[in-house]
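Participant: A single structure is presented below for examination.
Structure below.
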């Protein structure tokens, strides 16, 4: 593979350098720009000296690998250092007001609208000072005036905060997620805390959002069906604001959620259309340059319409790389071209490596490049319709080869009937994208009869697509849920898929042995992990806002012991507990209510082969603890402490009540744990 795909030698060391620095900075807070830069320059000088001497030595590949690892380490550390400087600059000052610039169109949430914004300046006793930092700002959707891209917001009080760190095992790390996107702060602003200052001149950086907003208004005006408008807004513009929860769930269960994210599929469909139209230009030298210029221009225009989302920019770079390869080389290798585009993206944005969209996009394309030719050669048909359906099905199956482990790792579920629905979904998606582009194009000329005709056609295609994705929900076992792979299993599965490809490609006994060994290692590890979860009962006191929640797991059952309101709080359950239960292999959950909290005394639970005072389920342990959750001030007369009892302050407590408990228990020298500060506790 390396012989025909030499650029893999570039991308793999670069990725190794990015991962190394990311791990070191997370674990130890290490900054090593000087060391990585010195090694990079040194290895490049040595490599250059070897080449100038016109001597081929075994050291040359080693020096190149070292240089690329150092390059990845350097660009990653520099990115992290710039981000850290933004955090420190704002975290170390006192201010009472600040000025923001809105950089995106608003995204609707349940009761608010979220914007990407940039901090411009802060105000304190010393006056206004320029500060720069990216943040997410959430405004109530009931506000009288909402900002547009380019507008400024003056805010008094309600200072930005750093996103909370995860306080429960396996909880989604929202802070790290935003950091890798370059966002350091979040701000939730009530209605009367800010003032919108409209921008008179639209900056060039906001042209993309302005054009995207114009396209949105065309879709909203011309499409009569709300579900069709919501689908086009999500598919073409990348915003799911007007996509209903039921329709979104239909796309998830059909395995077609990827068509709602403006990504490689959409850009690829558009690229295929324009490359087919312009292919005649590649016949002569000057025509190749014109072909390439038109491809870049049209892809850039499409990216601007979608708001220049990172996924579209990545996919556009990938397509431009393929276009260059097509135009100026007689033979191009798909993997090599894919590696070049990934190298360019990671060189300028190393944190893109950790984006789920980046990983899924490149995994899908890699699967298609490797496995589609193998699948296609096994069966051919002369019937045009069946050949098209067969080829689309093979493309879908090939894309799932490498995305399946990643999908289970991130989302813990897998649609059963994706192979049945995806051929029609991909075909209709292709048709819908072309129809949407045509609708935007004809709307420019303001000829209403033609615009109405194209809008009617587009509405019909969108309605047909929505109808298809609702089919799987009417079928049995349409979604496999509660699936879980850990990182080692994902790596082993991806390696297994690569070895299977080599086996079918080379058809040698050695690769069959490698595939067998890899499958045995994967199976052994998975069985051992499952048995460990099954035979090791665990009990945790979780840190959940506004609730008191305990969980006891045994086998594949989890007992959630919580206040009566928690069983209806699906948002907190999904964010704080769901991933933990998936990692433990839990298939069934049972809710048990804690006693009423009207008494202002602790609930004492003896964790010593007892039943927690609820039902008859028995667990084992060797610690005693008291859970304090009553909102009333503590009654010192009823307070009983013992040396081996730990007092746990839950998030049901109010601020003043919690401080009073800390004061009393501190005077009694009793062990205290505040779940809001220390996180979940395992017994």
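In the numbering used here, the protein residues as written are 479 to 1161. All residues carry an ideal CB built from backbone N, CA and C; glycine is no exception. All values derive from a computational prediction rather than experimental measurement.
State the start and end residues of the unbroken beta strand (DSSP E) segment that holds residue 580.
Facilitator: 575-580
Participant: In this structure, how does DSSP classify residue 1150 when only helix, strand and coil are distinguished?
Facilitator: Correct three-state label for residue 1150: strand.
Participant: For residue 1182, count neighbouring Cβ atoms within 10 angstroms of its own Cβ and tell me buried if that reaches 16, exposed if not.
Facilitator: Past the boundaries of the shown model lies residue 1182; the chain is included only from 479 to 1161, so the question cannot be answered.
Participant: Quick one: grab the DSSP three-state call for residue 694.
Facilitator: helix
Participant: Which residue comes first and which comes last in the beta strand (DSSP E) that contains residue 1052?
Facilitator: No beta strand (DSSP E) holds residue 1052; the alpha helix (DSSP H) holding it covers 1048-1054.
Participant: Looking at residue 848 and residue 892, is the spacing between their C-beta atoms short of 9 Å?
Facilitator: no
Participant: I'd like to confirm the pairing. Which residues does DSSP put opposite residue 639 in its beta bridges?
Facilitator: 664
Participant: Cβ atoms of residue 799 and residue 819: under 9 Å apart, would you say?
Facilitator: yes
Participant: What did DSSP end up calling residue 1145 once you bin it into helix, strand or coil?
Facilitator: Three-state DSSP puts residue 1145 in a helix.
Participant: Bridge partners for residue 1037 per DSSP, in chain order?
Facilitator: 1030, 1068
Participant: Contact between the stretch 932-948 and the stretch 694-711: three or more CB pairs below 8 Å?
Facilitator: At 8 Å Cβ cutoff, the stretches touch.
Participant: Using the three-state DSSP reduction, which class does residue 1021 fall into: helix, strand or coil?
Facilitator: coil
Participant: Note down the Cα distance separating residue 851 from residue 979, rounded to an integer number of angstroms.
Facilitator: 11 Å
Participant: Can you give the beta carbon distance from residue 1044 to residue 1027, rounded, assuming they're within the 8 Å contact cut?
Facilitator: 6 Å
Participant: For residue 623, which three-state DSSP category applies?
Facilitator: coil
Participant: Can you give the Cα-Cα distance for residue 554 and residue 842, rounded to whole angstroms?
Facilitator: 25 Å
Participant: Nearest-angstrom Cα distance between residue 1123 and residue 1150?
Facilitator: 9 Å
Participant: Looking only at its chain, what residues have a beta carbon closer than 7 Å to the beta carbon of residue 1088, apart from the 5 residues adjacent to it on each side?
Facilitator: Legend: pLDDT at residue 1088 = 39, less than 50; position of this residue unreliable, value from coordinates given subsequently. Once the five neighbours on either side are set aside, residue 1088 has no close Cβ partner at all.
Participant: Any idea what DSSP makes of residue 592, helix, strand or coil?
Facilitator: In this structure, residue 592 counts as strand in the three-state DSSP scheme.
Participant: Would you call residue 764 buried or exposed, if buried means 16 or more other Cβ atoms sit within 10 Å of its Cβ?
Facilitator: exposed
Participant: What is the rounded straight-line gap between the Cα of residue 1093 and the Cα of residue 1036?
Facilitator: Bear in mind that the predicted position of residue 1093 carries a pLDDT of just 32, short of 50, making it too unreliable to give a figure here.
Participant: Where does the unbroken beta strand (DSSP E) through residue 613 begin, and where does it stop?
Facilitator: 605-618
Participant: Do residue 732 and residue 951 have their C-beta atoms within less than 9 Å of each other?
Facilitator: yes
Participant: Which residue's Cα is closest to the Cα of residue 640: 629, 611, 1136?
Facilitator: Shortest Cα-Cα distance from residue 640 to any of 629, 611, 1136 involves 611.
Participant: Using C-beta distances below 7 Å, list every residue in its chain close to residue 972, excluding the 5 sequence neighbours before and after it, in chain order.
Facilitator: So the list reads 880, 883, once near-sequence residues are dropped.
Participant: By Cβ distance below 6 Å, which residues in the same chain neighbour residue 1169 in space, the five residues on each side in sequence not counted?
Facilitator: Past the boundaries of the shown model lies residue 1169; the chain is included only from 479 to 1161, so the question cannot be answered.
Participant: Report back the beta-carbon spacing between residue 1125 and residue 1143 to the nearest angstrom; my notes put them in contact at under 8 Å.
Facilitator: Rounded, the Cβ-Cβ distance is 5 Å, consistent with contact.
Participant: Indicate whether residue 928 and residue 920 have their beta-carbon atoms separated by less than 9 Å.
Facilitator: Yes.
Participant: Quick one: Cα of residue 1106 to Cα of residue 1128, how far?
Facilitator: 6 Å
Participant: According to the Cβ coordinates, are residue 876 and residue 846 closer than 9 Å?
Facilitator: Going by C-beta atoms, residue 876 is nearer than 9 Å to residue 846.
Participant: With distances taken Cα to Cα, identify the nearest neighbour of residue 717 among 541, 545, 821, 593.
Facilitator: 593
Participant: By Cβ distance below 8 Å, which residues in the same chain neighbour residue 840 in space, the five residues on each side in sequence not counted?
Facilitator: 816, 820
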